[in-house]
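Asker:
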Amino acid sequence: MGHAVGEVLGLAAGVAVSPLPIVAIILLLATPRGRLNGSLFACGWLLGLALLGASMLAVGGSGGASANKHPAAWVGVLKLVLGVLLALFAVRQWRRRPADAAQARLPKWMSALDRLTPLKALGLGLLLSAANAKNAPLTLAAGASISSAGIPVPQQIGSLVVFVVFVVIASLGVLAPPAVFLAMGERAQGVLGTWRDRAVRHNAAVMAALFFVLGLKLLGDGIGILAS
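To convert, note that position 21 of the sequence shown is 64 in this note's numbering; the numbers rise steadily by one, no gaps.
#1: Under the DSSP definition of a beta bridge, which residues are partnered with P62?
#2: Helix, strand or coil for P180? Go by DSSP, reduced to three states.
#3: Hey, how far is the Cα of A179 from the Cα of K163?
#4: Just to confirm the assignment, what range does the alpha helix (DSSP H) spanning L137 have?
#5: State the Cα-Cα distance for the pair L171 and P64, rounded to the nearest angstrom.
#6: What does the Cβ neighbour count give for K151, buried or exposed, with the cut at 16 atoms within 10 Å?
#7: What residue range does the alpha helix (DSSP H) around P220 cover?
#8: Any beta carbon from chain C within less than 9 Å of M227's own beta carbon?
#9: Nearest CA to the CA of A213: which residue from L159, M153, N175?
#10: Measuring alpha carbon to alpha carbon, tell me which of V102, L71, L54, L52 ends up nearest L159.
#11: Classify P114: buried if its beta carbon has 16 or more other beta carbons within 10 angstroms, exposed otherwise.
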């Protein structure tokens, strides 16, 4: 189980660093229904990661992700494919970055956050976690890593524990703004405003770097599995 935790920690950290979802929840917290919509957005985020990762755990469990306590060949192929996708996303993100970080702008859909109903806030959190170009490959890779760890059947609860650890760490970035908001009250606006501005300015560069580094990691993992 310790090996499985080590496998997913880096992937979870990569999911946690998600500038635009962090900006989205900061903006939601500043709306009239900020407490409710911010909480529901965070719940949607957790639910999206949980559903996506659980589906991979189910596929890995029934598909023989572990063979003789070693990852099966298809797990290596999956990680190779996900690594290539992330590398391609890195190139795309880097080429689309603004020439001047100060000129970075929020996506147009964020202008409607103050009009979101609670149900739409929940759905937005789910969408930004599970249907995200970075988060989806990393969450699938984490599920595959846990499934292929070769945890004995009597200790399968350990797989769920590792998965919970992944979801919690992967959600730290999105959960931090509500925690600051609840702890600091009105004083939180200045802190969260600084976080928002920095996330907007550096989103493209941060995402490109994450895509590239994590893509290389998955490529290396996949090659290592197929070569063993």
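Virtual Cβ for every residue (Gly too), placed ideally from N, Cα, C. Here the structure is a predicted model, which is why all the values come from computation and not from measurement.
Answerer: Taking the geometry as given:
#1: Residue numbering aside, residue 62 sits at position 19 when the sequence shown is read from its first letter. None; P62 has no bridge partner.
#2: Here residue 180 refers to the residue found at position 137 when the sequence shown is read from its first residue. Reduced to three states, the DSSP call for P180 is helix.
#3: Locating residue 179 in the sequence shown gives position 136, counting from the first residue. Locating residue 163 in the sequence shown gives position 120, counting from the first residue. Within the model, the alpha-carbon separation for A179 versus K163 is close to 20 Å.
#4: By 1-based counting over the sequence shown, the position of residue 137 is 94. According to the sequence shown, residue 137 is Trp rather than Leu. Run containing W137: 116-138, per the alpha helix (DSSP H) assignment.
#5: Translated into the one-based positions of the sequence shown, residue 171 becomes position 128. Translated into the one-based positions of the sequence shown, residue 64 becomes position 21. Answer to the nearest angstrom: the Cα atoms are 7 Å apart.
#6: Here residue 151 is taken as the residue at index 108 of the sequence shown, counted from 1. If you draw a 10 Å sphere on the C-beta of K151, you find fewer than 16 other C-beta atoms in it, and that means exposed.
#7: In the sequence shown, the residue the question calls residue 220 occupies position 177. Where P220 is concerned, the enclosing alpha helix (DSSP H) stretches over 215-227.
#8: Absent here is chain C; the protein component of the structure consists of one chain.
#9: Reading the sequence shown from its first residue, position 170 is the one you call residue 213. Nearest C-alpha to A213 among L159, M153, N175: N175.
#10: In the sequence shown, residue 159 corresponds to position 116, counting from 1. Distances from the CA of L159 to each of V102, L71, L54, L52 were compared; the closest alpha carbon is that of L71.
#11: Mapped onto the sequence shown, residue 114 falls at position 71. With 16 or more other CB atoms across the displayed protein chains lying within 10 angstroms of its CB, P114 is buried.
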